[in-house]
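Novice:
There are 2 protein chains.
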Amino acid sequence: MHVLKRGVPRVVDAEVRRRAVVDALFRVVRREGVEQASLRNVADEAGLAIGSVRHYFDSHDELLVFALRELEERVEVRMRAGVERISAAGTSGERGPLVEALLGELLPLDADRHDESVIWLAFVTAARTRPSLRPSALRLHQGVRMIVGKVLAGAVSYGALPADLDLDVERERLAALLDGLAVTAVLQPDLTTPEVMTAVLRRHLAELAR
Amino acid sequence: MHVLKRGVPRVVDAEVRRRAVVDALFRVVRREGVEQASLRNVADEAGLAIGSVRHYFDSHDELLVFALRELEERVEVRMRAGVERISAAGTSGERGPLVEALLGELLPLDADRHDESVIWLAFVTAARTRPSLRPSALRLHQGVRMIVGKVLAGAVSYGALPADLDLDVERERLAALLDGLAVTAVLQPDLTTPEVMTAVLRRHLAELAR
DNA sequence: ATTTAAGTAGCACGACCATGCTACAAACGA
DNA sequence: TCGTTTGTAGCATGGTCGTGCTACTTAAAT
Numbered sequence: 026m027h028v029l030k031r032g033v034p035r036v037v038d039a040e041v042r043r044r045a046v047v048d049a050l051f052r053v054v055r056r057e058g059v060e061q062a063s064l065r066n067v068a069d070e071a072g073l074a075i076g077s078v079r080h081y082f083d084s085h086d087e088l089l090v091f092a093l094r095e096l097e098e099r100v101e102v103r104m105r106a107g108v109e110r111i112s113a114a115g116t117s118g119e120r121g122p123l124v125e126a127l128l129g130e131l132l133p134l135d136a137d138r139h140d141e142s143v144i145w146l147a148f149v150t151a152a153r154t155r156p157s158l159r160p161s162a163l164r165l166h167q168g169v170r171m172i173v174g175k176v177l178a179g180a181v182s183y184g185a186l187p188a189d190l191d192l193d194v195e196r197e198r199l200a201a202l203l204d205g206l207a208v209t210a211v212l213q214p215d216l217t218t219p220e221v222m223t224a225v226l227r228r229h230l231a232e233l234a235r
Numbered sequence: 026m027h028v029l030k031r032g033v034p035r036v037v038d039a040e041v042r043r044r045a046v047v048d049a050l051f052r053v054v055r056r057e058g059v060e061q062a063s064l065r066n067v068a069d070e071a072g073l074a075i076g077s078v079r080h081y082f083d084s085h086d087e088l089l090v091f092a093l094r095e096l097e098e099r100v101e102v103r104m105r106a107g108v109e110r111i112s113a114a115g116t117s118g119e120r121g122p123l124v125e126a127l128l129g130e131l132l133p134l135d136a137d138r139h140d141e142s143v144i145w146l147a148f149v150t151a152a153r154t155r156p157s158l159r160p161s162a163l164r165l166h167q168g169v170r171m172i173v174g175k176v177l178a179g180a181v182s183y184g185a186l187p188a189d190l191d192l193d194v195e196r197e198r199l200a201a202l203l204d205g206l207a208v209t210a211v212l213q214p215d216l217t218t219p220e221v222m223t224a225v226l227r228r229h230l231a232e233l234a235r
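Heads up: the protein sequence lines correspond to chains W and B, in order.
According to the working numbering, the residues represented by the first sequence are 26 to 235, in order.
According to the working numbering, the residues represented by the second sequence are 26 to 235, in order.
(1) I want to verify the contact list: residues of chain B whose CB lies under 7 Å from the CB of E98(W), in sequence order.
(2) Residues in its own chain within less than 7 Å of A234(B) by CB, not counting five upstream and five downstream?
(3) So what's T223(B) in DSSP terms, helix, strand or just coil?
(4) When you compare the CB of L146(W) with every CB in chain B, is at least one pair closer than 8 Å?
(5) With a threshold of 8 Å between beta carbons, is R65(W) in contact with chain B?
(6) Measuring alpha carbon to alpha carbon, tell me which residue in L123(W), D193(W), L127(W), E141(W) is nearest A92(W).
(7) For V173(W), I'd like the list of residues in its chain whose CB is within less than 8 Å of its CB, leaving aside the five on either flank, ordered along the chain.
(8) May I ask you to report which of helix, strand or coil DSSP gives A234(W)?
(9) Here's the rule: buried if 16 or more other CB atoms are within 10 angstroms of the residue's CB, otherwise exposed. What is M26(W)?
(10) Whose Cβ in chain W lies nearer than 7 Å to the Cβ of G168(B)?
(11) Rounded to whole angstroms, what's the CA-CA distance from R52(W) to E70(W)? Just pull it up for me.
(12) Using only alpha-carbon positions, find the residue among L73(W), S157(W), A39(W), D189(W) that is nearest to R94(W).
(13) Under 7 Å Cβ-Cβ, which residues of chain B neighbour D204(W)?
(14) What runs of the alpha helix (DSSP H), each 4 residues or longer, lie entirely inside the stretch 37-75 of chain B?
(15) Could you spell out where the alpha helix (DSSP H) holding F91(W) opens and where it closes?
(16) Pull up the distance between the alpha-carbon of E130(W) and that of G107(B), whole angstroms please.
(17) Taking its Cβ as the centre, do 16 or more other Cβ atoms sit within 10 Å of H80(W), making it buried, or is it exposed?
(18) Looking at the C-beta of F229(B), does it have a partner C-beta in chain W at a distance below 8 Å?
(19) Find the nearest neighbour of H166(W) within the set L146(W), A178(W), T154(W), judged by alpha-carbon distance.
(20) Do we get a CB-CB distance below 8 Å when we pair V181(W) with the residues of chain B?
(21) Can you round the beta-carbon distance between A178(B) and L192(B) to whole angstroms, since I take them to be within the 8 Å contact cut?
(22) Using a C-beta to C-beta distance shorter than 8 Å, which residues of chain B count as neighbours of R198(W)?
(23) Can you check which of these residues, D48(B), S63(B), L73(B), is closest to R99(B) by C-alpha distance?
(24) Quick check on DSSP: helix, strand or coil for L209(W)?
(25) On a CA-only basis, which of E220(B), V208(B), R42(B), V78(B) is nearest T150(B)? Give me that one, please.
(26) Would a C-beta distance cut-off of 8 Å place E57(W) and T154(B) closer than the cut-off?
(27) Considering only residues of the same chain and omitting the five flanking positions on each side of Q61(B), which have a CB-CB separation below 7 Å?
(28) Just to confirm before moving on: does the CB-CB distance between E97(B) and S161(B) stay below 8 Å?
(29) If you scan the stretch 158-188 of chain B from start to end, which runs of the alpha helix (DSSP H) of 4 or more residues do you find wholly inside it?
(30) For a quick check, are the C-beta atoms of V211(W) and V169(W) less than 8 Å apart?
(31) With the cut-off set at 8 Å, would you say V124(B) and L206(B) are in Cβ contact?
(32) Quick one, which of L73(W), E101(W), L64(W), G72(W) has its alpha-carbon nearest D83(W)'s?
(33) Over what stretch of residues does the alpha helix (DSSP H) that includes P122(W) continue unbroken?
(34) So if I threshold CB-CB distances at 9 Å, which residues from the stretch 38-68 of chain B count as touching chain W?
(35) Determine the direct distance from the alpha carbon of R110(B) to that of F148(B), and round the result to whole angstroms.
(36) For R105(B), decide whether its Cβ has a neighbour in chain W, counting only Cβ atoms nearer than 8 Å.
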């Protein structure tokens, strides 16, 4: 009945294990899609027995939910770092490239972020018919729009963008553009190269600045 | 050995039946996602026995491929009609709204096109890991970009858009915007209303025209 | 040293899946 | 009229799935 503190290393191990299982899950999803991310396939990929995976995740659904939260966190960390980098830049002249870099973090410009985008699209589309995934999917959606909104508002306040912009419309427009680029890069990677994506993003930002 | 013409009505019936099965498939996909579109579920939805469905489609995969081709055709028909409407409009003054309407055909602005977009996204993401669906997915991708490219080039030639536009970049930008709007409308329909989508599209076209 | 908990593993069950195959009815061509 | 094709239906097989459950091992706690 005593719910006191236990041996320390155990807890750490548990967290590491959960992370390892999630990484295995991500590899399966990237390679074969969410529908193939069964407990069996994930356990195999992680080099564990199916029962071991279930020790850390009570159900298949819980594993998926946890994995999507993990993805959420990774994106959030990268965004937060980008925002801080912009805040640290004093003069407005330096901010342009930093804004482009921040928004570029949402695009699959390198192999890691490509994989991340693949997993993002897989989970977020799965969330349409899986209620347990919807909260995370919604947070990701809103998070991107919040970042984009802040960036635009900040640029206006610095005089980098005209003050008469309809920020609600511009936020949705830029967010949809980023989503669209990521989606096409995931679905047709041969046709949507990093160069194309950066050119499109740069053009969009330049045009916003008139 | 005689491969001659058979009784006429049979062929018609067969085509009608295949269409009915595909419609049932679309309803299942819309409601529960591609992963639930098993032969059993589709047969139930169509009110047929599983064996009957298999009489028209030799395999599950063939059914999916046929269904995606059907979707391809529907989109193509609507696009062709829109293009003709633009070609029929003589003066350049009338073309603006027609262009907006044509590109709007690619957005889920009403219930029917919303369903169509849901199915589009489901199939096209499934195509990432299903080789048999890739050709259709690629054609849809290229088709949209061809239409968008023609529209932009036409607008330039009519003087409605500045001649110094980088059409390759603008084509990808507008196509990604349309894809992104459709995706977010499918995944977060409550947050991405038809009004938002039309406002974003209108704004983009207006800005292109400088 | 003994108890307690956590980690690992695997079996068994019921459900669902695609597909090969057979059977029967209706309609058509000869 | 007979035989062939076409539509409809259902059975059996082999596979994958999530999950409940049990067993064994390791290590920490008392």
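By construction, the Cβ of each residue, glycine as well, lies at the ideal position given by its N, Cα and C atoms.
Specialist: The relevant details are as follows:
(1) In the first sequence, the residue the question calls residue 98(W) occupies position 73. Per Cβ cutoff of 7 Å: no residues; E98(W) is ~20 Å from chain B at best.
(2) Here residue 234(B) refers to the residue found at position 209 when the second sequence is read from its first residue. A185, L186, listed in sequence order.
(3) As a position in the second sequence, residue 223(B) is number 198, starting the count at 1. Of the three classes helix, strand and coil, the one that applies to T223(B) here is helix, per DSSP.
(4) Position 121 of the first sequence, counted from the first residue, corresponds to residue 146(W). At least one beta carbon of chain B lies nearer than 8 Å to the beta carbon of L146(W).
(5) Walking along the first sequence from the start, residue 65(W) turns up at place 40. Not closer than 8 Å to any Cβ of chain B, the Cβ of R65(W) fails to qualify, so no.
(6) Indexing the first sequence from 1 puts residue 92(W) at position 67. Taking only the C-alpha atoms, the option nearest A92(W) is E141(W).
(7) Translated into positions along the first sequence, residue 173(W) becomes position 148. Only L128, R196, L199, A200, L203 meet the Cβ criterion.
(8) For the purposes of this step, residue 234(W) is taken as residue 209 along the first sequence, with counting starting at 1. Coil, per DSSP.
(9) Along the first sequence, one-based indexing puts residue 26(W) at 1. Its pLDDT being 31, under 50, M26(W) is placed unreliably by the model, and the measurement read from it follows with that caveat. Counting the other Cβ atoms within 10 Å of the Cβ of M26(W) gives fewer than 16, which makes it exposed.
(10) Mapped onto the second sequence, residue 168(B) falls at position 143. Near G168(B) there are no residues of chain W at all, since even the closest Cβ is about 12 Å away, more than 7 Å.
(11) What you label residue 52(W) is simply residue 27 of the first sequence in a count that begins at 1. What you label residue 70(W) is simply residue 45 of the first sequence in a count that begins at 1. In this structure, the CA atom of R52(W) is about 8 Å from the CA atom of E70(W).
(12) Position 69 of the first sequence, counted from the start, is the residue given in the question as residue 94(W). Distance check between R94(W) and each of L73(W), S157(W), A39(W), D189(W) places S157(W) closest, using alpha-carbon atoms only.
(13) On the first sequence, position 179 is the one that residue 204(W) refers to. Within 7 Å Cβ-Cβ: G205, V208, T209.
(14) Within the stretch 37-75 of chain B, the runs of alpha helix (DSSP H) at least 4 residues long that lie entirely inside it are, in chain order, 64-71.
(15) Sequence index remark: in the first sequence, residue 91(W) carries index 66 (1-based). 85-113 is the span of the alpha helix (DSSP H), which, as asked, contains F91(W).
(16) For the purposes of this step, residue 130(W) is taken as residue 105 along the first sequence, with counting starting at 1. For the purposes of this step, residue 107(B) is taken as residue 82 along the second sequence, with counting starting at 1. Going from the Cα of E130(W) to the Cα of G107(B) covers about 37 Å.
(17) On the first sequence, position 55 is the one that residue 80(W) refers to. It is exposed - the Cβ of H80(W) has fewer than 16 other Cβ atoms within 10 Å.
(18) For the purposes of this step, residue 229(B) is taken as the residue at position 204 of the second sequence. Phe is not the amino acid found at residue 229(B); the sequence shown has His there. Yes, contact with chain W.
(19) If you number the first sequence from 1, residue 166(W) lands on position 141. If we check each option's Cα against that of H166(W), L146(W) comes out closest.
(20) What you label residue 181(W) is simply residue 156 of the first sequence in a count that begins at 1. Chain B, which has no Cβ nearer than 8 Å to the Cβ of V181(W), makes this no.
(21) Numbered from its first residue, the second sequence carries residue 178(B) at position 153. Numbered from its first residue, the second sequence carries residue 192(B) at position 167. That pair is a contact at about 6 Å.
(22) The residue given as residue 198(W) occupies position 173 in the first sequence. In chain order: L202, V225, R228, H229.
(23) The sequence position of residue 99(B) within the second sequence is 74, counting from 1. Comparing Cα positions, the closest option is D48(B).
(24) Translated into the one-based positions of the first sequence, residue 209(W) becomes position 184. A small correction: the amino acid at residue 209(W) is Thr; Leu does not occupy that position in the sequence shown. Here T209(W) sits in helix by DSSP.
(25) On the second sequence, residue 150(B) is found 125 positions in, with the first residue counted as 1. Relative to the Cα of T150(B), the nearest Cα in the group E220(B), V208(B), R42(B), V78(B) belongs to V208(B).
(26) Counting from one through the first sequence, the residue named residue 57(W) turns up at place 32. Counting from one through the second sequence, the residue named residue 154(B) turns up at place 129. Cβ atoms of E57(W) and T154(B): closer than 8 Å.
(27) Position 36 of the second sequence holds residue 61(B). For Q61(B), same chain residues with a beta-carbon under 7 Å away, outside a window of 5 residues either side, are V53 in chain order.
(28) Numbered from 1 along the second sequence, position 72 holds the residue referred to as residue 97(B). Numbered from 1 along the second sequence, position 136 holds the residue referred to as residue 161(B). Yes; because the gap between Cβ atoms is below 8 Å, this pair is in contact.
(29) Correct list: 159-182.
(30) Here residue 211(W) corresponds to residue number 186 of the first sequence, with the count starting at 1. Here residue 169(W) corresponds to residue number 144 of the first sequence, with the count starting at 1. Contact: no.
(31) By one-based count along the second sequence, residue 124(B) stands at place 99. By one-based count along the second sequence, residue 206(B) stands at place 181. No, the pair does not count as a contact, with Cβ atoms beyond the cut-off.
(32) Mapped onto the first sequence, residue 83(W) falls at position 58. Minimum Cα distance to D83(W) is reached at L64(W).
(33) Within the first sequence, numbered from 1, the residue matching residue 122(W) stands at position 97. For P122(W), the enclosing alpha helix (DSSP H) starts and ends at 120-129.
(34) Answer set for the stretch 38-68 of chain B: R56, E57, G58, V59, E60, Q61.
(35) Counting from one through the second sequence, the residue named residue 148(B) turns up at place 123. Counting from one through the second sequence, the residue named residue 110(B) turns up at place 85. If you take the alpha carbons of F148(B) and R110(B), they lie about 29 Å apart.
(36) Reading the second sequence from its first residue, position 80 is the one you call residue 105(B). No - not a single Cβ of chain W is within 8 Å of the one on R105(B).
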